[in-house]
Amino acid sequence: MPGLAVVLAFHYYPLVGNVIAFKDYLPFVGIWDSPWVGWDNFGVIVDGDARFWNAVSNTLVITAVQTVFVFPLPIVLALLLNSLLSERLKRIVQSITYLPHFLSWVIIVAIFQTVFGGAGSISAFLRQHGYDGLNIIGNADAFIALITAQVMWKDTGWAAILFLAALSQIDTELYEASAVDGAGRWRQMWHVTLPGLRGIIVLLFILQLGSSLTVGFEQLILQQPAVGLRASEVLDTYVYNQGVVGGNWGEATAVGLVKGLIGVVLVLGANKIAHWLGEAGVYRR
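For the sequence shown, this note's numbering begins at 22 and goes up steadily by one.
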């Protein structure tokens, strides 16, 4: 019951606030006394506001890059850890790799700034040896690669725990039977291990699709001053900058509402595809 109360209070009750998307919200008047404006706030989407579509473009590019390079990494790490014969070594490597997950984005960004910033250790080393400094943090062209590397370092070890748990549930007799049939390690991985992980892979991929338009608000907002809005503005930071900073509450809420609805559609669509492929997905038919 306490858990249900928390979910209702902090996840479902705030949904009532989406009514702001249809109002000219004035904080000093309140939600219910603010005048209705109908669909006017959605004009920022329909009319093709340049800043909004820049945020959409950045969001989609970052999502695509992180799906390709970040999502498979925990699977690879779990397979490598599972192949280690020494349980002690496995625990040590696993502890080291998931430790960054417990660091806040403020600390992560500060660490990367200290190493890759214009006054960071890499730049200092290059200058000491007669080369120009290297400011990766302030380079807009390298921004997507930078934030992808940060996500890899922070979350790969933690995400691998789920796949390690799934690996532990695979029947060892399947490996023994495949070895008797002459299958080597690669064939065992392809025909036994990966099929055993398919269910959890599909489930996590569906959940990631649902949050695919949410790409690290804290991580990005902390680094926006270094690279500018053109390179770093995504839908979440757009909502914050337009609503909280700019005071355009109605437009910001409209964008956030549309983003949430698209996420729901993506989850339902991906779950339907999972059913067609014979997987349970997020929920069964």
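We treat Cβ as the ideally placed atom computed from N, Cα and C, and that holds for glycine.
Which residue comes first and which comes last in the alpha helix (DSSP H) that contains residue i?
| i | result |
| --- | --- |
| Phe146 | Ser142 to Gln149 |
| Val172 | Phe164 to Ser189 |
| Pro246 | Phe238 to Val248 |
| Ile128 | Trp126 to Phe137 |
| Pro48 | Note, Pro48: premise wrong, no alpha helix (DSSP H); not H, not E. |
| Pro216 | Leu215 to Gly231 |
| Val95 | Note that residue 95 corresponds to Pro in the displayed sequence, not to Val. Per DSSP, Pro95 belongs to the alpha helix (DSSP H) from Pro93 to Ser104. |
| His307 | Outside the shown range of the chain, which is 22 to 306, sits residue 307, and nothing can be said about it. |
| Thr88 | Ala71 to Phe90 |
| Ser107 | It is not in any alpha helix (DSSP H) - Ser107 carries neither H nor E in the DSSP assignment. |
| Glu197 | Thr193 to Val201 |
| Tyr261 | Leu256 to Tyr261 |
| Gly24 | Pro23 to Val28 |
| Gly65 | The question names Gly, but residue 65 in the sequence shown is Val. Gly64 to Val67 is the extent of the alpha helix (DSSP H) around Val65. |
| Trp207 | Arg206 to Gln209 |
Is it the case that the Cβ atoms of residue i and residue j are separated by a distance below 8 angstroms?
| i | j | result |
| --- | --- | --- |
| Leu215 | Ala291 | no |
| Phe184 | Leu218 | yes |
| Ser233 | Thr84 | yes |
| Pro95 | Ala180 | yes |
| Phe164 | Ser253 | yes |
| Ile117 | Phe133 | no |
| Ile52 | Thr274 | no |
| Asn79 | Val255 | yes |
| Leu241 | Ile191 | no |
| Ala99 | Leu225 | no |
| Gly237 | Ala161 | no |
| Pro56 | Lys44 | yes |
| Thr235 | Gln245 | no |
Leaving out the 5 sequence neighbours to the left and right, which residues in its chain are closer than 7 angstroms to residue i when beta-carbon positions are compared?
| i | result |
| --- | --- |
| Gly277 | Val260 |
| Leu155 | Ile143, Ser144 and Leu147 |
| Ala204 | His212 |
| Ile46 | In the sequence as presented, Ile is not what sits at residue 46; that position holds Tyr. The residues are Ile52, Ser55, Trp270 and Gly271. |
| Gln263 | Asn269, Glu272 and Ala273 |
| Phe63 | Ala275 |
| Gln176 | First, the residue type needs correcting, since residue 176 is Asp and not Gln in the sequence shown. Cβ neighbours of Asp176 beyond the five flanking positions: His122. |
| Leu29 | none |
Would a check of beta-carbon distances place residue i closer than 8 angstroms to chain D?
| i | result |
| --- | --- |
| Gly277 | Within the model displayed, chain D is absent; a lone protein chain is all it includes. |
Pop quiz: residue i and residue j are said to be a contact at Cβ under 8 angstroms. What is the actual Cβ separation, rounded to whole angstroms?
| i | j | result |
| --- | --- | --- |
| Gly271 | Val58 | 7 angstroms |
| Val114 | Leu102 | 6 angstroms |
| Ile129 | Gln171 | 6 angstroms |
| Leu251 | Asn75 | Looking at the sequence itself, residue 251 is Arg, so the reference to Leu does not match. Sure, about 6 angstroms apart at Cβ, within 8 angstroms. |
| Val65 | Phe73 | 5 angstroms |
| Ile223 | Glu300 | The question names Ile, but residue 223 is Val in the sequence shown. Right, the Cβ-Cβ distance comes to about 5 angstroms (below 8 angstroms), so this counts as a contact. |
| Trp207 | Pro121 | The pair is not a contact, with the Cβ atoms about 30 angstroms apart (cut-off 8 angstroms). |
Return the chain-ordered list of same chain residues with a C-beta closer than 6 angstroms to the C-beta of residue i, the five sequence neighbours on each side being excluded.
| i | result |
| --- | --- |
| Leu124 | none |
| Tyr119 | Gly178 and Trp179 |
| Ala247 | Ile158 and Gly159 |
Going by beta carbon distance, what residues of the same chain come within less than 8 angstroms of residue i, once the five residues before and after it are set aside?
| i | result |
| --- | --- |
| Gln209 | Tyr196, Ser199 and Ala200 |
| Leu243 | Trp126, Val127 and Val130 |
| Leu105 | Lys111 and Val114 |
| Val288 | Ile227, Leu228, Leu230, Gly231 and Val303 |
| Ile283 | Leu234 |
The ligand PLP and residue i: does the residue's C-beta get closer than 7 angstroms to at least one heavy atom of that ligand?
| i | result |
| --- | --- |
| Thr135 | Because no ligand of any kind appears in the structure shown, any question about the ligand PLP cannot be addressed here. |
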